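In what follows, a single structure is set out as C-alpha cells and then discussed.
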Amino acid sequence: MADGPLKKKIERALKPRAYPLFLAEKAAQIVEGALPKSVDEDGGGISNGEKEKIVVLGVGWGAAAFLKDIDTSKFDVTVISPRNFFLFTPMLAGSAVGTVDYRSITEPVRQINPKANYLEATATSIDPEAGTVSCESVVCEGTSCAIEDFAVPYDKLLVTVGAQTNTFGIPGVREHCCFLKQVEDARRIRTAIVNCFERANLPYLSDDERRATLTFAVIGAGPTGIEFASELRDFVESDGAKYYPDLIRFVKVKVIEASPTVLAPFDESLQEEAIRQLERPTRVKDEAVASKLPPDFKLTELLLNSGVAEVKESSIALTTGEDIPYGIAVWAAGNGPLPITLQVIDALKEREEGAEGGAAETSSEQADAQDAARGRLAVDPWLRALGGEGRILALGDCSCVVTGQLPATAQVASQQGEYLAKLLSGGYDFFPGRDEAEGIVLPPARGRGGDDGGEKSMSVSESIAAFACQSGGDFAAPFQFLNLGILAYTGGGSALAQLQVTPDERGRVKGSGKVGFGLWRSVYLSKQVSWRNRFLVFVDWTKAQLFGRDITRV
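Under our numbering, think of the first position of the sequence shown as 483, with each following residue one higher.
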C-alpha cells in the first residue's frame, strides 16, 4: 500500500523536532506555566457532564510534575500510593549520613495539588475491562491493624510507580544489603553507620575486628553509589574524626563495580575525574587525627571489574575470588520492576490474547514490543500503554517508549509528567483510533471524542510544536526529551556537571571541582518542589557546615 497523506503526516510528527524549535516550544511552555490559568468549568468532562476520573499510581517525579500541571477543574484526580509524600531521591545519599534531614527533602502530596484526592494504599492489580484498580490499605485503630481491600474506578489510569532495586538474583543481597530508594532506607543506613562506629569503639575488639566493622561496601558505581560513598567519606573526614579520632585509621569505603569504569552516563573525561576524586588521599580536618594516619592514607577504594557472586552475613564474595569483610553493605546496582507493573503488563497481555485476524497481528506486534521493554510497560511516543486503548498511560522508570529507550532519571519522568498533563488539560483524546484506509493507529487528536467536537485554540507552545511536526495542530506532537545534563557529587566540596547545550556531544559543557559543586548545589536547590523544601535544605547545609552532622540515634 502506498503511503497516504495522513501516514506521511504522522511519520513527520514522529521525527524529533528541530532543536531550535524544540527549545522555543519549551520556553513558551515555561512562560505559559507562569501565567494565571483560566478556569474552564465545562471543558474536559465526559459526555454525561461528570468530570473524567484520572487515577494516578505513585507519587514520584512523574506524578509530582503531572499533579502540578493537570487542570483539576476538568478532571477528578485521585492519587494512590502507600507513601503520602514526594521524595527528592537524589539527596537520599546526603540524608543517610545526616547532611540533610529527611523531612527537608519530602513534600506532602496533598500540598503539591490540594484539589487532588489522595488514598494511602498499595495498588495490587488492575482490571482493564472493568476500568478499576484493586487496592490494599492497612487501617489501624488504637493498637490493632487490619488490611482492607477496595477498588477504585478510573476513566484514565496513569502508572508512574517507578521501580524497585534489582538484585539480579544474586544470593544474599536482599537478606544482608541495605538499599537506598526510600526514606526508611536512608534512616536505616544512618543508624547502621553510627552502630558500626560505636561497636568498633568497644575495648574488647581486636584491630582486625574493628577494620572489618568499619569497612563500608558500596555495590554499584552509578550516580547513587558514587554520591553515597562521597557523602560517607565527608562524614568520616569531618564528623567521624571529631567523635571517633582513634578509629579513623580502620575505616575503609569500598566501591565495588562490575564494569571497568564509574558513572557510565558521563563523558569519559569526567569519569576519569571522578576516579581521581574518589581515590585521593583523605583530608581529615582535625590535624591531631591526621598526624596519626599513615602517609597518603585513603578512605575510599575502587574495585572495578569486580562483580558480586554472593553477599554473606559478614563478607562479600566477588567474581574475582576475593572475599571482602564488611560492616555495612549498600546495594546501588540497578532497577527492577515492581509487582504492580508486572501485573499491568500481564493484564494487558491477557486482554489481547483472544484477538483474531488483523487484531491478532496487532497483538503480536504489541507482544514483541512488550518483550523488548524487559519488565517495563511498553508505551507509544504519546505515552499510551500498548493495548490500553488510550485509557492506560505510563511514564518514568516503569515505562519504555517503543521508539527509543530513555534514561531512567528524574529529569525524564518530570518532563513526561508535564507533557501528559498539558495534553490532557488541552482536550486531546487519547483513544488510539485506527484509520482503516491507511491502516495506521492515530495519535491523540485535539477535540476528537470531546463534548463539543469543535476547534480549540492553540497555545503558543502548541503552535510551535504543530509547526515543527507539520501536523497543523490536529494531532499531538509526541513526547520529546530535552536533556539538560547530569550531575554527581564526588565529595570534599567537589562535583561533576555535564550540561547539554545542544543534542550532540559537541554541545556538552563540562565542569568539575568547585565549579561543578556550585552547579550541583544550585540545581538541587532549585529543583526542590516547594519554597519550604528549598529553605529547609539550605538551612541543613548551613548547619552541617557550621556545627557538623548529628550522630544521635533517636
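Every residue, glycine too, gets a C-beta built ideally from N, C-alpha and C.
Small disclaimer: the values here were computed from a predicted structure and weren't measured.
Contact under 8 Å by Cβ, residue i with residue j
i	j	result
Gln825	Ser607	yes
Arg765	Glu719	yes
Glu739	Ala703	yes
Asp749	Lys992	yes
Val1019	Leu1007	yes
Pro564	Thr604	yes
Gly707	Ala814	yes
Glu900	Ala612	no
Phe632	Cys622	no
Lys556	Ser907	yes
Ala811	Lys767	no
Glu589	Asn1015	yes
Val737	Leu785	yes
Leu760	Phe710	no
Val1039	Leu775	As displayed, the chain neither begins before 483 nor continues past 1036, which places residue 1039 out of reach and without an answer.
Leu865	Leu924	no
Glu713	Val559	no
Asp721	Arg1035	no
Gln982	Gly989	yes
Leu830	Gly869	yes
Lys638	Glu534	yes
Val790	Ile874	no
Thr581	Asp1022	yes
Pro653	Glu792	yes
Collapsed DSSP secondary structure at residue i in the structure displayed
i	result
Asn441	This structure leaves residue 441 out entirely; the chain is present only between 483 and 1036.
Ala746	coil
Ala959	coil
Asp862	coil
Asp524	Any reading at Asp524 must be qualified, since the residue scores a pLDDT of 43, below 50, and its modelled position is unreliable; the value itself is stated next. In this structure, Asp524 counts as coil in the three-state DSSP scheme.
Phe1017	helix
Asn817	strand
Val537	strand
Arg833	helix
Gly840	Caution applies to Gly840, whose pLDDT of 48 falls short of 50 and renders its modelled position unreliable; the value that the coordinates give is listed next. Gly840 falls in the helix class under three-state DSSP.
Pro635	strand
Gly936	In this predicted model, Gly936 has a pLDDT of only 45, less than 50, meaning its place in the structure is not dependable enough to derive any value.
Ile874	strand
Val894	helix
Leu640	strand
Asp805	strand
Phe568	strand
Tyr910	strand
Val771	helix
Ile730	helix
Leu588	The sequence shown places Thr at residue 588, not Leu. The answer is strand: DSSP assigns Thr588 an E or B state.
Arg856	coil
Gly1030	coil
Element boundaries [alpha helix (DSSP H), containing residue i]
i	result
Thr706	705–717
Phe999	995–1008
Trp813	Segment 810–813 is the beta strand (DSSP E) holding Trp813; no alpha helix (DSSP H) there.
Val678	Note that residue 678 is Cys in the sequence shown, not Val. Residues 665–682.
Leu574	574–577
Leu978	No alpha helix (DSSP H) holds Leu978; the beta strand (DSSP E) holding it covers 976–982.
Lys550	543–551
Glu657	655–658
For residue i, the nearest candidate out of the options (CA to CA)
i	options	result
Glu783	Ile629, Pro776, Arg715	Arg715
Thr891	Ile968, Asp850, Gly857	Ile968
Ile822	Asp553, Glu602, Arg585, Gln646	Gln646
Ala575	Phe567, Ile587, Asn566	Ile587
Ile675	Tyr808, Glu532, Gln898	Tyr808
Val884	Ala849, Ser907, Leu905	Ala849
Lys550	Gln898, Gln759, Ser994, Gly989	Gln898
Val733	Glu987, Thr571, Ala628, Lys780	Lys780
Ile806	Thr697, Ser773, Val894	Thr697
Thr743	Glu769, Thr984, Ser788, Ser1012	Ser788
Ala756	Lys1025, Pro889, Ser994, Val1011	Ser994
Arg928	Trp1002, Glu795, Phe957	Phe957
Gly857	Asn648, Pro985, Val790, Phe912	Asn648
Trp543	Gln1010, Thr1024, Asp1022	Gln1010
Ser1004	Tyr971, Gln1027, Pro985, Leu601	Tyr971
Residue interval of the beta strand (DSSP E) (run including residue i)
i	result
Thr972	967–973
Ile594	Careful: Ile594 lies outside any beta strand (DSSP E), inside the alpha helix (DSSP H) at 591–594.
Phe557	557–563
Ala699	697–701
Cys882	881–883
C-beta neighbour in chain C for residue i, strict 8 Å
i	result
Phe698	Among the protein chains of the structure shown there is no chain C, as only one such chain exists.
(request) State whether the region 536–543 contacts the region 669–678, with contact taken as three or more CB pairs (one from each stretch) at a distance under 8 Å. (result) Remark: fewer than three beta-carbon pairs, one from each stretch, lie closer than 8 Å, so the region 536–543 and the region 669–678 are not flagged as touching.
(request) Would you check if the region 586–605 and the region 726–743 touch, i.e. whether three or more CB-CB distances between them fall below 8 Å? (result) In short, these stretches do not touch, since the Cβ pair count stays below three.
(message) Across the region 642–656 and the region 866–879, are there enough close Cβ pairs to call them in contact, namely three or more that are closer than 8 Å?
(response) Contact holds: three or more Cβ-Cβ distances are below 8 Å.
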